[in-house]
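Undergrad: Could you have a look at this structure, given as structure tokens, before my questions?
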Amino acid sequence: MKSEELSTFLNISGIPTTSFYEYKISNFIQNELNQMGLEFTIDEWGNIEIFIEGTSEEELVFISHMDHPGFELTEKISDSKYKAIPLGGLPKNCENLSTPIIVFDNEKIVKGKILKSSDSSIVEDYRWLTKKEVIIEVNESIDLPAPAVFDLPEPKISGNQVITPVADDLAGCSIILETFKKLKNVKTKYSMRAIFTRAEEVGLVGARVIADSKRIKNDSIIVSIETSSELPGAVSGLGPIIRAGDRISTFNNDGEIILLSAIQKIQETDKGFKFQRQLMNLGGCEASAFLPFGYRVTGITLPLINWHNSTPDGNVEPERINILDYENAIKIMTNIGKLDIVEPEKYYKRLIDLPDEADRLKGN
Ligand SMILES: [Zn+2]
Numbered sequence: 116m117k118s119e120e121l122s123t124f125l126n127i128s129g130i131p132t133t134s135f136y137e138y139k140i141s142n143f144i145q146n147e148l149n150q151m152g153l154e155f156t157i158d159e160w161g162n163i164e165i166f167i168e169g170t171s172e173e174e175l176v177f178i179s180h181m182d183h184p185g186f187e188l189t190e191k192i193s194d195s196k197y198k199a200i201p202l203g204g205l206p207k208n209c210e211n212l213s214t215p216i217i218v219f220d221n222e223k224i225v226k227g228k229i230l231k232s233s234d235s236s237i238v239e240d241y242r243w244l245t246k247k248e249v250i251i252e253v254n255e256s257i258d259l260p261a262p263a264v265f266d267l268p269e270p271k272i273s274g275n276q277v278i279t280p281v282a283d284d285l286a287g288c289s290i291i292l293e294t295f296k297k298l299k300n301v302k303t304k305y306s307m308r309a310i311f312t313r314a315e316e317v318g319l320v321g322a323r324v325i326a327d328s329k330r331i332k333n334d335s336i337i338v339s340i341e342t343s344s345e346l347p348g349a350v351s352g353l354g355p356i357i358r359a360g361d362r363i364s365t366f367n368n369d370g371e372i373i374l375l376s377a378i379q380k381i382q383e384t385d386k387g388f389k390f391q392r393q394l395m396n397l398g399g400c401e402a403s404a405f406l407p408f409g410y411r412v413t414g415i416t417l418p419l420i421n422w423h424n425s426t427p428d429g430n431v432e433p434e435r436i437n438i439l440d441y442e443n444a445i446k447i448m449t450n451i452g453k454l455d456i457v458e459p460e461k462y463y464k465r466l467i468d469l470p471d472e473a474d475r476l477k478g479n
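This is the structure we're talking about:
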């Protein structure tokens, strides 16, 4: 199975990226938007934004991030050795396995590896690297600072999965691109905005500066488009997840019933449509960056295997997502384009209108 929708994801997720060094992804997205004929703006922090005006003022803002955990080389120790600091959560065993890495800049890629540490003073986590820095050995001299990521095989389809260096969150970015490609010529009731952010993995930074700037009108609903580690009740292959919350927050029902209404629309013709609903509490996501500023938030997330390239016991592996989950997420998103504005009174009509049986409760 290889749909056209998947090719964007296969192309983008082979591009190296990490926090503060998202420019290759940013260029890819800008190029895609140009080809689609969709106008975009780039704010002072490098976040990319597109907007499709609907027939109402009601606005949904889809957010995904362009970065992924990696390293930043900051200091030269010798001709071939550099200190590097982790950017985001990384598998603990990357340091014990002489893990191959690539250092990238605009022109070239330099291969190297993480050196095994002799430092035994560090308390080990069950899965994650807790150290503040690692030593990276490379074949040539590097201009500092410079980004490095794991040297993993190119993205590929294997059975019903995509195995890739980066699903988090380039799957989210490509889901948004595919959705806007489909909706750009559709007269939607909702106005739809999308923002591709930076530096999520080091503390939701791109999303927080946008929320703090208050440039998004306050009655908008923010929809985080993400991947998140599999959990019981959030299993890869059983459909995308309507995200009831994250590690930081519980999200808002006002947003969730829009996503669930889109699913009801799909179910009119596809009764067996697969989706899940869960509070994904292992990671934080960008919806939580907007909550403290008074925004209503919700999310769609794909169950992710080998989250942040870490197996459950901390070895380095490519990330994996299921193709059905990815395709169904796009279906939910594009069906929002067919919706009337979702009014809670209508959505909950069956609960608000009391049944005749209510009278039986009276008197005894
Ligand atoms: Zn992440």
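With the first letter of the sequence shown counted as 1, position 312 gets the number 427 in my numbering; the numbers rise by one all the way through.
The beta carbon of each residue, even a glycine, is placed where N, CA and C say it ideally should be.
Take the Cβ of residue 476 as the centre, count every other Cβ of all protein chains shown within 10 Å, and call the residue buried at 16 or more, exposed below.
TA: Residue mapping note: residue 476 aligns to position 361 of the sequence shown, counting from 1. Classification of residue 476: exposed, given that the 10 Å Cβ count is below 16.
Undergrad: For residue 410, which option in 352, 215, 322, 431 has the closest C-alpha, if you only look at C-alpha atoms?
TA: Within the sequence shown, the letter at position 295 stands for residue 410. For residue 410, the nearest C-alpha among the options comes from 322.
Undergrad: Should residue 197 go down as buried or exposed, given a rule of 16 or more other Cβ atoms within 10 Å for buried?
TA: Counted from its first residue, the sequence shown places residue 197 at position 82. Buried, by the Cβ-count rule.
Undergrad: Can you grab the Cα-Cα spacing for the pair residue 116 / residue 221, in whole Å?
TA: On the sequence shown, residue 116 is found 1 positions in, with the first residue counted as 1. On the sequence shown, residue 221 is found 106 positions in, with the first residue counted as 1. No answer about residue 116 holds up, because its pLDDT of 45 lies below 50 and its placement is not dependable.
Undergrad: Whole-angstrom Cβ separation of residue 355 and residue 447, contact assumed at under 8 Å?
TA: Here residue 355 refers to the residue found at position 240 when the sequence shown is read from its first residue. Here residue 447 refers to the residue found at position 332 when the sequence shown is read from its first residue. Rounded, the Cβ-Cβ distance is 7 Å, consistent with contact.
Undergrad: In whole angstroms, what is the alpha-carbon distance linking residue 335 and residue 162?
TA: Taking the first residue of the sequence shown as position 1, residue 335 is located at position 220. Taking the first residue of the sequence shown as position 1, residue 162 is located at position 47. Computed Cα separation, rounded: 18 Å.
Undergrad: For ligand 1, is there any heavy atom lying closer than 6 Å to the beta carbon of residue 316?
TA: Reading the sequence shown from its first residue, position 201 is the one you call residue 316. Checking every heavy atom of ligand 1 against the Cβ of residue 316, one is found closer than 6 Å.
Undergrad: Excluding sequence positions up to five away, which residues of its chain have a Cβ less than 7 Å from the Cβ of residue 353?
TA: For the purposes of this step, residue 353 is identified with residue 238 of the sequence shown, where counting begins at 1. Around residue 353: 389, 391.
Undergrad: What residue from 174, 344, 285 has the CA that sits closest to residue 125's CA?
TA: One-based indexing of the sequence shown puts residue 125 at position 10. When only C-alpha atoms are compared, the closest one is 285.
Undergrad: Would residue 417 and residue 438 be called neighbours here (beta carbons separated by less than 7 Å)?
TA: Start at 1 with the first residue of the sequence shown, and residue 417 comes out as number 302. Start at 1 with the first residue of the sequence shown, and residue 438 comes out as number 323. Not a contact, by the Cβ cut-off of 7 Å.
Undergrad: Are the beta-carbon atoms of residue 227 and residue 423 separated by less than 7 Å?
TA: In the sequence shown, residue 227 corresponds to position 112, counting from 1. In the sequence shown, residue 423 corresponds to position 308, counting from 1. In this structure, residue 423 does not lie closer than 7 Å to residue 227 by Cβ.
Undergrad: Measuring CB atoms only, is the segment 298-314 touching the segment 157-175, in the sense that at least three cross pairs come out at less than 8 Å?
TA: Output reads yes: the segment 157-175 touches the segment 298-314.
Undergrad: Counting pairs of beta carbons, one from the segment 395-412 and one from the segment 241-248, are three or more of them closer than 8 Å?
TA: Judged by Cβ distances under 8 Å, the segment 395-412 makes no contact with the segment 241-248, as fewer than three pairs qualify.
Undergrad: Looking at residue 182 and ligand 1, is the gap between the Cβ and the nearest heavy atom below 6 Å?
TA: As a first step, residue 182 must be located in the sequence shown, where it is residue number 67. Flag unset: Cβ of residue 182 not near ligand 1.
Undergrad: Say the cut is 6 Å; is the CB of residue 283 nearer than that to a heavy atom of ligand 1?
TA: As a working note, residue 283 is residue 168 in the sequence shown. Yes, Cβ of residue 283 sits closer than 6 Å to a heavy atom of ligand 1.
Undergrad: With a CB to CB cut of under 6 Å and the five nearest residues on each side skipped, what residues in its chain are close to residue 131?
TA: If you number the sequence shown from 1, residue 131 lands on position 16. Cβ neighbours of residue 131 beyond the five flanking positions: 219, 264.
Undergrad: Mind pulling the alpha helix (DSSP H) runs of 4 or more residues that sit fully within the segment 319-391?
TA: The qualifying runs are 320-328, 368-382.
Undergrad: Which runs of the beta strand (DSSP E), 3 residues or longer, sit entirely within the segment 247-281?
TA: As far as the segment 247-281 is concerned, its whole beta strand (DSSP E) runs of at least 3 residues are 249-253, 261-265, 271-273, 276-279.
Undergrad: Give the straight-line distance between the Cα atoms of residue 96 and residue 405, rounded to the nearest whole angstrom.
TA: Residue 96 lies beyond the range of the chain shown here (116 to 479); nothing can be said about it.
Undergrad: Could you round the C-beta distance between residue 123 and residue 183 to whole angstroms and report it? I think they count as a contact, below 8 Å.
TA: Here residue 123 refers to the residue found at position 8 when the sequence shown is read from its first residue. Here residue 183 refers to the residue found at position 68 when the sequence shown is read from its first residue. Between residue 183 and residue 123 the Cβ distance is about 17 Å, and since that is not below 8 Å, they are no contact.
Undergrad: Within 10 angstroms of its Cβ, does residue 224 collect 16 or more other Cβ (buried), or is it exposed?
TA: Position 109 of the sequence shown, counted from the first residue, corresponds to residue 224. Its Cβ having fewer than 16 others within 10 Å, residue 224 is exposed.
Undergrad: When you compare only the Cα positions, how much space is there between residue 292 and residue 148?
TA: Counting from one through the sequence shown, the residue named residue 292 turns up at place 177. Counting from one through the sequence shown, the residue named residue 148 turns up at place 33. Going from the Cα of residue 292 to the Cα of residue 148 covers about 8 Å.
Undergrad: Give the range of the beta strand (DSSP E) segment to which residue 174 is assigned.
TA: The residue you call residue 174 lines up with position 59 of the sequence shown. First-last of the beta strand (DSSP E) with residue 174: 174-180.
Undergrad: Taking residue 255 as the reference, which of 313, 191, 247 has the closest Cα?
TA: Stepping through the sequence shown from its first residue, residue 255 is reached at position 140. Checking every option, the nearest Cα to that of residue 255 belongs to 191.
Undergrad: Specify the secondary structure class of residue 199 as computed by DSSP and reduced to three states.
TA: Looking up residue 199 in the sequence shown gives position 84. Strand at residue 199.
Undergrad: Below 8 Å on the Cβ atoms is my guess for residue 441 versus residue 290; work out the distance and round it to an integer in Å.
TA: Position 326 of the sequence shown, counted from the start, is the residue given in the question as residue 441. Position 175 of the sequence shown, counted from the start, is the residue given in the question as residue 290. With a Cβ gap of about 7 Å, residue 441 and residue 290 count as contacting.
Undergrad: Closest by CA to residue 189, which one among 170, 370, 251, 380?
TA: Residue 189 sits at position 74 when you count from the first residue of the sequence shown. Nearest C-alpha to residue 189: 251.
Undergrad: To the nearest angstrom, report how far apart residue 358 and residue 233 are at their CA atoms.
TA: Indexing the sequence shown from 1 puts residue 358 at position 243. Indexing the sequence shown from 1 puts residue 233 at position 118. Cα-Cα distance, rounded: 41 Å.
Undergrad: If we count the other Cβ atoms within 10 Å of its Cβ and call it buried at 16 or more, is residue 473 buried or exposed?
TA: By 1-based counting over the sequence shown, the position of residue 473 is 358. Flag for residue 473 reads exposed.
Undergrad: For the alpha helix (DSSP H) containing residue 464, list its first residue and its last residue.
TA: Here the question's residue 464 lines up with position 349 in the sequence shown. Note, residue 464: alpha helix (DSSP H), 464-467.
Undergrad: Find the nearest neighbour of residue 347 within the set 433, 375, 396, 457, judged by alpha-carbon distance.
TA: Counting from one through the sequence shown, the residue named residue 347 turns up at place 232. Ranking the options by Cα distance to residue 347, first place goes to 396.
Undergrad: Note down the Cα distance separating residue 319 from residue 216, rounded to an integer number of angstroms.
TA: The residue labelled residue 319 in the question sits at position 204 within the sequence shown. The residue labelled residue 216 in the question sits at position 101 within the sequence shown. Whole-angstrom Cα-Cα distance: 25 Å.
Undergrad: When DSSP labels each residue in this structure, what does residue 402 get in the three-state scheme?
TA: Reading the sequence shown from its first residue, position 287 is the one you call residue 402. The answer is helix: DSSP assigns residue 402 an H, G or I state.
Undergrad: Determine whether the beta carbon atoms of residue 288 and residue 339 lie at a separation below 7 Å.
TA: By one-based count along the sequence shown, residue 288 stands at place 173. By one-based count along the sequence shown, residue 339 stands at place 224. Against a cut-off of 7 Å, the Cβ pair of residue 339 and residue 288 comes out as no contact.
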